[in-house]
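Report on the following structure.
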Amino acid sequence: GALEVSCNYFFYTVGYKLSGLTHGQVNNARGLSRLKKYADMFGLTDRSGVELPESEPNFSKTDAVRSAIGQATHSYAPIQLSRYVTTVANSGTCYDLTLIDQVKDVNGNVILDNHAKVRNTVNIANSTWKAVHNGMYRVVNGSRSSIGSMFSGMKVKIAGKTGTAQQSKLHANHAYFVSYAPYKNPEISVTCVIPNGFTSSNAAQTARDVYKYYFSKNKKKVSGKIKMPESNTTHTD
Numbered sequence: 006g007a008l009e010v011s012c013n014y015f016f017y018t019v020g021y022k023l024s025g026l027t028h029g030q031v032n033n034a035r036g037l038s039r040l041k042k043y044a045d046m047f048g049l050t051d052r053s054g055v056e057l058p059e060s061e062p063n064f065s066k067t068d069a070v071r072s073a074i075g076q077a078t079h080s081y082a083p084i085q086l087s088r089y090v091t092t093v094a095n096s097g098t099c100y101d102l103t104l105i106d107q108v109k110d111v112n113g114n115v116i117l118d119n120h121a122k123v124r125n126t127v128n129i130a131n132s133t134w135k136a137v138h139n140g141m142y143r144v145v146n147g148s149r150s151s152i153g154s155m156f157s158g159m160k161v162k163i164a165g166k167t168g169t170a171q172q173s174k175l176h177a178n179h180a181y182f183v184s185y186a187p188y189k190n191p192e193i194s195v196t197c198v199i200p201n202g203f204t205s206s207n208a209a210q211t212a213r214d215v216y217k218y219y220f221s222k223n224k225k226k227v228s229g230k231i232k233m234p235e236s237n238t239t240h241t242d
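Taking my numbering, the leading residue of the sequence shown gets 6, the next gets one more, and so forth.
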């Protein structure tokens, strides 16, 4: 239920227990070190590998208890969150991501084979994976879900997690939603981040529309050959 209702108290307690006490005080250094170890297992301590300029992820450097709920000084690009949620969806395989699978020449010969490479695997008990998957399922489909109504009637079951990030009192919260589907046999993950989007339900609604299109019967696959310009062609803007 902690995931379903985004129970901060539960995850504060996780951060507190990971930190332990030294001379009666929370040992932030120990807690942050342990949290970072787990973040690294899900690819949140380096770039995703995608072939685009990408900011360096920033794991929180202060306050282990608040860091455990995603507060403090964490900062991640959407693609980095996508890698993390994909690792959750497939129960432990963390990939270096890629935009391009293959490149072929006009004769069909493969000139670049660029399949995603395995970065690492997360080895934890199956019962733990089941608990996490069930929690993310209930975020979208549970009786206490805050976003369940917008996903009712979907052809597939979706698992996900809502989130908000605060910038300052002068700005609206950033809206987050990470997800994957179908729940039992995942094909895709969708991450939506809306800067200053107020509430995570706005991000979830956008992700829902992506799923509706992806799993619709009317989507079209584009295929064909690209005609390359002549080598002496010039372009002006």
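Ideal Cβ placement from N, Cα and C applies to all residues, glycine included.
In this text the structure is predicted, and so the values were computed from the model without any measurement.
First and last residue of the uninterrupted beta strand (DSSP E) at residue i
i: I84; result: It is not in any beta strand (DSSP E) - I84 instead sits in the alpha helix (DSSP H) that spans 83-94.
i: F182; result: 179-186
i: I105; result: Neither: I105 is in no beta strand (DSSP E) and is coded neither H nor E.
i: N125; result: 122-126
i: C197; result: 193-199
i: V98; result: The residue you asked about is not Val; residue 98 is Thr in the sequence shown. From DSSP, the beta strand (DSSP E) with T98 extends over 98-101.
Backbone secondary structure at residue i - three-state DSSP
i: F156; result: helix
i: G165; result: strand
i: L37; result: helix
i: N247; result: This structure cannot settle anything about residue 247, because the visible part of the chain is limited to 6 through 242.
i: V111; result: coil
i: L26; result: strand
i: A44; result: helix
i: V10; result: coil
i: D242; result: Bear in mind that a pLDDT of 41 at D242, under 50, signals an unreliable position, so the number given afterwards is only what the model happens to contain. DSSP places D242 in coil when its eight states are reduced to three.
i: A212; result: helix
i: V55; result: coil
i: K225; result: coil
Nonlocal neighbours in the same chain, by C-beta distance under 6 angstroms from residue i, ignoring five residues either side
i: V215; result: V195
i: N131; result: none
i: A170; result: H179
i: E61; result: none
i: T211; result: C197
i: S52; result: Contrary to the premise, residue 52 reads as Arg rather than Ser in this sequence. Closer than 6 angstroms at Cβ, skipping near neighbours: E59.
Segment limits, alpha helix (DSSP H) that includes residue i
i: S132; result: 131-146
i: S72; result: 69-72
Counted within 10 angstroms of its Cβ, other Cβ atoms place residue i as buried (16 or more) or exposed
i: F203; result: exposed
i: T241; result: At T241, the pLDDT of 42 sits below 50, so the modelled position is not reliable; the number obtained from the coordinates is stated separately. T241 comes out exposed.
i: G6; result: exposed
i: C12; result: exposed
i: P191; result: buried
i: S38; result: exposed
i: K222; result: exposed
i: R149; result: exposed
i: N146; result: buried
i: Q107; result: exposed
i: S173; result: exposed
i: A186; result: buried
i: I84; result: buried
i: Y81; result: buried
i: A136; result: exposed
Supposed close pair residue i, residue j - CB separation, criterion 8 angstroms
i: L299; j: R88; result: This structure cannot speak to residue 299, because the chain is shown only from 6 to 242.
i: R143; j: E9; result: 4 angstroms
i: V183; j: V31; result: V183 to V31, Cβ: 28 angstroms. No contact.
i: M155; j: A209; result: 7 angstroms
i: K162; j: F220; result: Actually they do not touch by this definition, with Cβ atoms about 11 angstroms apart.
i: V127; j: C99; result: 7 angstroms
Residue i at chain C interface by Cβ criterion, 8 angstroms
i: G147; result: Of the chains in the structure shown, none is chain C; there is only one protein chain.
Contacts around residue i, its chain only, beta-carbon distance under 7 angstroms, and the 5 residues preceding and following it disregarded
i: S205; result: T167, G168, T169, A180, Y181, F182
i: A77; result: S65, T67, D68, R71
i: D118; result: Q107
i: A44; result: T50, F64
i: Y21; result: V31, V70
i: N207; result: A180, I199
i: K41; result: T50, F64
Close-in-space but distant-in-sequence residues of the same chain around residue i (CB under 8 angstroms, 5 per side omitted)
i: G153; result: V145, N146, G147
i: K217; result: M159
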